[in-house]
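Report on the following structure.
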Amino acid sequence: MAKELPTVRWGIVATGMISNWFVSDLLLPSWPNKRANHIIQSIGSSSISKGQKFYDEYVHPNLSNNSGVIPKIYASYAEVYNDPDVDVVYIGTPHSFHKQNCIDAINAGKNVLCEKAFTLTQADAKEVIALAKEKGVFLMEAMWTRFYPLVKELRRLLYEEKVIGQVWRTFADFGLSYDVASLPDSSRLKDLSMGAGSLLDIGIYSLTWGVLTLEEDVGKGENPKVLAAQTLQGGVETLSSWILSYPSTGKHGILTSTTNVRTDKSFARIEGSKGVISVYGPTSSPESFVVKLHDEEGEGKVYEFEKPGRGFYWEADAVAVDVVSGKKENETIPLAETERIMGILDEIRRQGGARFPSDTF
Ligand SMILES: NC(=O)C1=CN([C@@H]2O[C@H](COP(=O)(O)OP(=O)(O)OC[C@H]3O[C@@H](n4cnc5c(N)ncnc54)[C@H](OP(=O)(O)O)[C@@H]3O)[C@@H](O)[C@H]2O)C=CC1
Ligand SMILES: O=C1OC[C@@H](O)[C@H](O)[C@H]1O
13 MAKELPTVRW
23 GIVATGMISN
33 WFVSDLLLPS
43 WPNKRANHII
53 QSIGSSSISK
63 GQKFYDEYVH
73 PNLSNNSGVI
83 PKIYASYAEV
93 YNDPDVDVVY
103 IGTPHSFHKQ
113 NCIDAINAGK
123 NVLCEKAFTL
133 TQADAKEVIA
143 LAKEKGVFLM
153 EAMWTRFYPL
163 VKELRRLLYE
173 EKVIGQVWRT
183 FADFGLSYDV
193 ASLPDSSRLK
203 DLSMGAGSLL
213 DIGIYSLTWG
223 VLTLEEDVGK
233 GENPKVLAAQ
243 TLQGGVETLS
253 SWILSYPSTG
263 KHGILTSTTN
273 VRTDKSFARI
283 EGSKGVISVY
293 GPTSSPESFV
303 VKLHDEEGEG
313 KVYEFEKPGR
323 GFYWEADAVA
333 VDVVSGKKEN
343 ETIPLAETER
353 IMGILDEIRR
363 QGGARFPSDT
373 F
């Protein structure tokens, strides 16, 4: 008899864009390498009408994939944290609320998957992580890209097969084109108290590509030095550029993000002694890569990956497998790694000049 997949019941906190993307993916009939079943158990919003609208638009059309469960809709997040039928709380609020949302969910004894950027600062991340450890609940940053089969295969080729030899440099960019000044003042992309700026929103992906491709044992070796510059427009950071340098190996990551220019389809290039790997697709949700060796004729070998929906189910599967087996953190993005990433983001802002009102540095 086939082994049953683990199942988790999700409590969704907030009904904005990312919660829509996450829930829509979990309600797909299947996906490649599926490892778990997911149930949308409850939805918490600022109002019942908003929660109901979210349900009507994104849950109801695919309710047949929700194991017969009709989710409860709450006009508060607290009711999600206190719902005894919820196994894991998914936090999809703007960055600045993650800390308090996590603290409240953890204090209610819940396991948590929290969107990126995990918090505004490393100090905040440390507080949340310490609380989760104290309460013995599972906690993970929703850096979904790390869970893509494409990323796992790319790392295998880089560090097990060593296809491009010694890796020396990675260039990675995430750019979106929008006019920050024309956004409403309440937008999370403009309001500094909500962590506005390209860095925490999308630069975090360029940083992720840097560490995933330059570090053989991600987060466990030497921590890179940072050299950063930023441009602020109307107080909001719109361009960030930074170099990660690893003194012991000499490797460099040349990493960028901006809200002024859209990234080309080819968003990353990893250069080694024997060849180059170019990665294509949105920086957060890559679609393919090409390995081109210096001593081979032709355009290189293309690797393409199937992806129904957007690809959030792979991180959700990882959470389910861990939670059901009693783990408190995930090995693809352990809590120390989340803390380290927040520290690098702090350092880029410290050097570059982007500041949030709550900053203490
Ligand atoms: N992994 C990924 O690919 C993506 C991740 N994200 C991350 O998700 C988070 C949310 O982003 P996104 O969904 O685009 O944001 P939205 O503005 O679309 O939604 C945020 C939701 O948070 C709730 N909220 C609570 N307090 C506030 C407040 N003061 N102002 C605005 N909203 C509030 C609201 O839900 P309600 O009224 O129901 O309570 C709102 O709809 C961010 O941290 C972002 O980095 C975003 C996009 C993609
Ligand atoms: O995480 C993200 O990835 C995709 C972007 O469109 C979005 O703004 C960002 O939050």
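According to my numbering, the sequence shown is numbered sequentially starting from 13. Idealized CB from N, CA, C, for every residue including glycine. All values derive from a computational prediction rather than experimental measurement.
Requested in this report: Kindly provide the ranges of any beta strand (DSSP E) runs that are 3 or more residues long and lie completely inside the segment 133-189, ordered along the chain.
Outcome: 151-154, 179-187
Query raised in the report: How big is the Cα-Cα spacing for residue 340 and residue 279?
Result: 33 Å
Query raised in the report: Roughly how many whole angstroms lie between the Cα atoms of residue 201 and residue 273?
Result: 15 Å
Requested in this report: Using DSSP bridges, identify the partner residues of residue 288.
Outcome: 283, 304
Report task. Under 8 Å by Cβ, that's how I've got residue 181 and residue 264 pegged, so tell me the actual separation to the nearest angstrom. Result -> 5 Å
Query raised in the report: Alpha carbon to alpha carbon, how far is residue 346 from residue 216?
Result: 16 Å
Requested in this report: Answer yes if the segment 13-29 comes into contact with the segment 323-339, meaning at least three C-beta pairs across the two stretches below 8 Å, and no otherwise.
Outcome: yes
Query raised in the report: Among 338, 105, 36, which has the Cα closest to the Cα of residue 56?
Result: 105
Query raised in the report: Got a sec, what are the start and stop residues for the beta strand (DSSP E) residue 50 sits in?
Result: 49-56
Query - Whole-angstrom C-beta distance between residue 177 and residue 286, which should lie under 8 Å - result: 4 Å
Report task. With DSSP as the reference, label residue 265 as helix, strand or coil. Result -> strand
Requested in this report: Using only the heavy atoms of ligand 2, determine whether one of them is closer than 6 Å to the beta carbon of residue 252.
Outcome: no
Query raised in the report: Any contact of the segment 228-241 with the segment 252-260, i.e. 3+ C-beta pairs under 8 Å?
Result: yes
Query raised in the report: Does the beta-carbon of residue 361 have 16 or more other beta-carbons within 10 angstroms, so that it is buried, or is it exposed?
Result: buried
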